[in-house]
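Notes to accompany the following structure.
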Amino acid sequence: MSCEYCETISGKNESAMLYSDDKLFAFLSPTPATIGHIIIAPKTHLPIMEALDDKTMEHVFNVANKISIALFESIKCEGTNLIVQNGPAAGQEAPHFSVNVIARRGGDGFVFDWAPKQLSEEEMATVELQLKEELAKAPEKKPEPEMEEGKKEDLPSEKKEEKGEEGKEKKEEDENYLVKQLKRMP
Amino acid sequence: MAEDNASNNAETQKQQCIFCKIIAGKVASRKVYEDDKCVALLDINPANPGHTLILPKEHQTILPLMREDEASHLFKIAKKVSMAQIRALKADGTNIFVANGAAAGQKSPHLMIHVIPRREKDGITAFTLPKNTIGNEDQDKLRVAIKQKVNEHFGIKETEHVQIEAPKPEKVEHIAPPEEMSDEEALEDTVPPEEVMSKGKFDLDSISRLFGK
């Protein structure tokens with residue numbers, strides 16, 4: 068079975084690659100939802116989120132978050148979405164778990180909206196109980212031995228916090244030029 | 430001063446935040462999970478029955494402003510909730526959705542992760558991502574620009590310095606004037622200085638080399 072993400076890891080689509088480490092990789096979507104759409108996927112072929120251990124899950128989203136910050140700073144987007152399609156019923160296409168990070172700008176014409184369903188009190192209460200019971204019996208996370216490995220790649224947290232706001236103001240000259248270029252894209 | 434304003438605003442925002450009131454127990458909600466860092470509540474306007482919101486207990490606005498360990502904890506719980514939806518509600522799949530910023534569709538100032546149980550043909554189209562095409566050249570520019578920042582955040586130093594609007598290599602080779610060329614000839618051969626300046630991407634060294642020095 069061929070998996071397009073596994074092919075990307077094996078280097079067939081190097082031109083889109085943004086980041087990789089021992090656990091995962093991040094690359095530009097070949098069919099972007101907006102300009103600045105990045106896919107993050109574990110290197111191991113895991114079909115859905117439930118197949119990820121907690122540590123990998125955390126790592127994938129830490130990377131997703133850093134990439135989201137990088138999008139704010141590099142292409143001056145005004146917002147980002149993180150989206151997981153977990154299972155074909157949820158829109159998943161590639162049989163390989165991934166997180167989408169999507170750069171957003173006001174008026175980009177792209178809306179995530181759903182029609183709210185009106186449930187009766189009884190229906191809500193039933194669902195609440197079902198979930199509560201299931202979550203209560205789920206085992207607590209066991210301490211995982213290789214914690215340090217993931218931490219190594221982490222930035223000192225103070226750096227991250229400043230970047231969020233301050234980074235946006237800087238480099239306006241260089242990047243304005245770039246943003247203009249980007250806006251011309253189809 | 431600006432900081433004071435910002436922190437005052439943040440304080441007001443926090444006091445008015447409905448989700449902070451829910452978390453504090455001042456407003457009723459349907460809590461399905463709680464630990465020391467976060468709560469999981471049923472959305473009162475669900476996309477599907479069982480639509481759950483995971484919120485940090487502390488008022489946070491967007492993920493990029495959160496501490497890494499706190500943010501990743503939320504996703505660990507999101508996975509747990511997703512598994513519970515699949516098991517207990519017999520969902521066929523789940524969507525995880527986060528909006529950072531109003532431009533991304535964020536409606537509440539309190540950060541939340543949506544976990545939405547899905548069923549085959551449930552009619553929800555919001556998470557079907559549009560597919561656009563992008564030219565190779567544009568894709569390259571985009572990648573270079575984003576990669577530079579990504580590298581910064583991961584502390585990656587690349588040997589080759591990324592120059593977004595660097596001149597073509599052939600031109601650079603002409604820059605160091607061969608001995609037999611006069612200064613004028615060398616100048617003619619290079620990129621006009623104005624053009625270089627307007628791109629604002631050169632260091633002093635390369636500029637002075639353009640002037641034949």
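In the order they appear, the protein sequences are chains A and B.
Using my numbering, count along the first sequence one by one with no gaps and you end on 253.
Using my numbering, count along the second sequence one by one with no gaps and you end on 642.
By construction, the Cβ of each residue, glycine as well, lies at the ideal position given by its N, Cα and C atoms.
These numbers come from a predicted model, not from an experiment.
Can you grab the Cα-Cα spacing for the pair residue i / residue j, in whole Å?
i      : j      : result
S69/A  : D472/B : 38 Å
E189/A : I545/B : 19 Å
K256/A : D464/B : Given a span of 68 to 253 for chain A in the structure shown, any question on residue 256/A remains unanswerable.
H163/A : P114/A : 4 Å
A161/A : E74/A  : 12 Å
R547/B : A83/A  : 31 Å
F504/B : I542/B : 8 Å
A476/B : K586/B : 44 Å
M397/B : P478/B : No statement about residue 397/B is possible, as the shown extent of chain B runs from 430 to 642 and does not include it.
N129/A : T98/A  : 24 Å
N529/B : L196/A : 30 Å
C446/B : P538/B : 7 Å
N80/A  : E71/A  : 9 Å
S456/B : A118/A : In the sequence on display, residue 456/B carries Val and not Ser. One C-alpha to the other measures close to 36 Å.
P559/B : L149/A : 15 Å
K570/B : L202/A : 45 Å
K199/A : S187/A : 18 Å
T402/B : L540/B : Lying before the first or after the last residue shown, residue 402/B is absent from chain B, which here runs from 430 to 642.
P493/B : N132/A : 6 Å
E215/A : D551/B : With a pLDDT of only 47 at E215/A, under the threshold of 50, the placement of this residue in the model should not be trusted, and no figure is reported.
S77/A  : A93/A  : 13 Å
I107/A : S96/A  : 10 Å
W181/A : A531/B : 16 Å
G231/A : E581/B : Interpretation of G231/A is limited by its pLDDT of 42, a score under 50 that renders its predicted location unreliable; no figure is taken from the coordinates.
A192/A : G564/B : 51 Å
H112/A : F448/B : 38 Å
G534/B : T557/B : 16 Å
F526/B : P485/B : 15 Å
K204/A : K509/B : 11 Å
F139/A : A157/A : 27 Å
A137/A : N437/B : 27 Å
D120/A : D521/B : 20 Å
G584/B : D498/B : 18 Å
I575/B : V178/A : 24 Å
E213/A : E487/B : Per-residue confidence for E213/A stands at a pLDDT of 48, beneath the threshold of 50, marking its modelled position as unreliable; the derived number appears in the next sentence. So the two alpha carbons sit approximately 28 Å from each other.
V166/A : A500/B : 15 Å
E239/A : I142/A : At E239/A, the pLDDT of 43 sits below 50, so the modelled position is not reliable and the matter cannot be decided from this model.
Which residues in chain B have a C-beta closer than 8 Å to the C-beta of residue i? List them in chain order.
i      : result
L85/A  : R572, I575, K576 and V579
S82/A  : N565, Q568, D569 and R572
G146/A : A528, N529, G530, A531, A532, A533, G534 and Q535
G173/A : A531 and A532
S135/A : L492, P493 and N529
D121/A : K505 and K508
Between which residues of its own chain and residue i is the CB-CB distance below 6 Å, once the five residues before and five after are set aside?
i      : result
S135/A : T147 and V168
H502/B : K466
L518/B : G479 and P546
I553/B : A476
M495/B : Q489
H104/A : S96 and I169
Give me, in chain order, the residues of the same chain whose beta-carbon lies closer than 7 Å to that of residue i; leave out the 5 immediate sequence neighbours on both sides.
i      : result
K90/A  : P109, K110, T123 and H126
I506/B : Y462, C467, A469 and I483
D175/A : T101
R172/A : C144 and E145
T523/B : S511, Q514, I515, V544, I545, P546 and R547
K450/B : V456
Please compile the residues from chain A whose C-beta is within a distance smaller than 8 Å of the C-beta of residue i.
i      : result
P559/B : A100 and F177
H539/B : Going along chain A, no residue has its Cβ under 8 Å from H539/B, so there is no contact; the nearest lies around 16 Å.
A500/B : F128, N129 and N132
V510/B : L198 and L202
Going along chain B, which residues have a C-beta under 7 Å from residue i?
i      : result
L95/A  : Q568, L571 and R572
E125/A : S501, F504 and K505
Spatial neighbours of residue i within its chain, please: C-beta separation below 8 Å, excluding the five flanking residues on both sides.
i      : result
Q159/A : I115, Q152 and N153
Show which residues of chain A have a CB atom less than 9 Å away from the CB atom of residue i.
i      : result
T562/B : P97, T98, P99 and P253
So which residues of chain A does residue i contact, with C-beta pairs closer than 7 Å?
i      : result
E549/B : A156
A555/B : F179, D180 and W181
How about residue i: is its Cβ closer than 7 Å to a heavy atom in the ligand COA?
i      : result
I169/A : This structure does not include the ligand COA; it has no bound ligands of any sort.
Just to make sure I have the definition right: I need the residues of chain B whose C-beta is within less than 9 Å of the C-beta of residue i. Which are they?
i      : result
K184/A : N474, P475, A476, N477, P478 and H480
For this session: Below 9 Å between beta carbons is the criterion; list the residues of the segment 513-531 of chain B that meet it against any residue of chain A, in chain order.
Result: A513, Q514, I515, R516, A517, L518, A520, D521, G522, T523, N524, I525, F526, V527, A528, N529, G530 and A531
For this session: Output, in sequence order along the chain, the residues in the segment 478-497 of chain B whose CB is closer than 9 Å to any CB in chain A.
Result: P478, G479, H480, T481, I491, L492, P493, L494, M495, R496 and E497
For this session: Could you tell me which uninterrupted beta strand (DSSP E) segments, each at least 3 residues in length, are contained entirely in the segment 85-145 of chain A, listed from first to last along the chain?
Result: 91-95 and 104-109
For this session: With 7 Å as the limit, tell me which residues of the segment 459-480 of chain B have their beta carbon closer than that to any beta carbon of chain A; keep them in chain order.
Result: Within the segment 459-480 of chain B, the qualifying residues are R459, V461, Y462, L471, N474, P475, A476, N477, P478 and G479.
For this session: Output the residue ranges of the beta strand (DSSP E) runs that lie fully inside the segment 141-185 of chain A and measure 3 residues or longer, sorted by chain position.
Result: 146-153 and 166-171
Exercise. When Cβ atoms are compared, which residues of the segment 139-165 of chain A fall closer than 8 Å to chain B?
Worked result: F139, E140, S141, I142, C144, E145, G146, T147, N148, L149, I150, V151, Q152, N153, G154, P155, A156, A157, G158 and Q159
Problem set entry | beta strand (DSSP E) segments (min. 3 residues) lying fully within the segment 555-590 of chain B | none
Exercise. At what residue ranges does the segment 470-550 of chain B contain a whole run of the beta strand (DSSP E), taking only runs of 3 or more?
Worked result: 481-485, 522-529 and 542-547
Exercise. Which whole runs of the alpha helix (DSSP H) in the segment 438-474 of chain B are 4 residues long or more, in chain order?
Worked result: 447-452
Exercise. At a Cβ cut of 7 Å, what residues of the segment 438-450 of chain B count as close to chain A, listed as they run along the chain?
Worked result: From the segment 438-450 of chain B, no residue has a Cβ closer than 7 Å to chain A.
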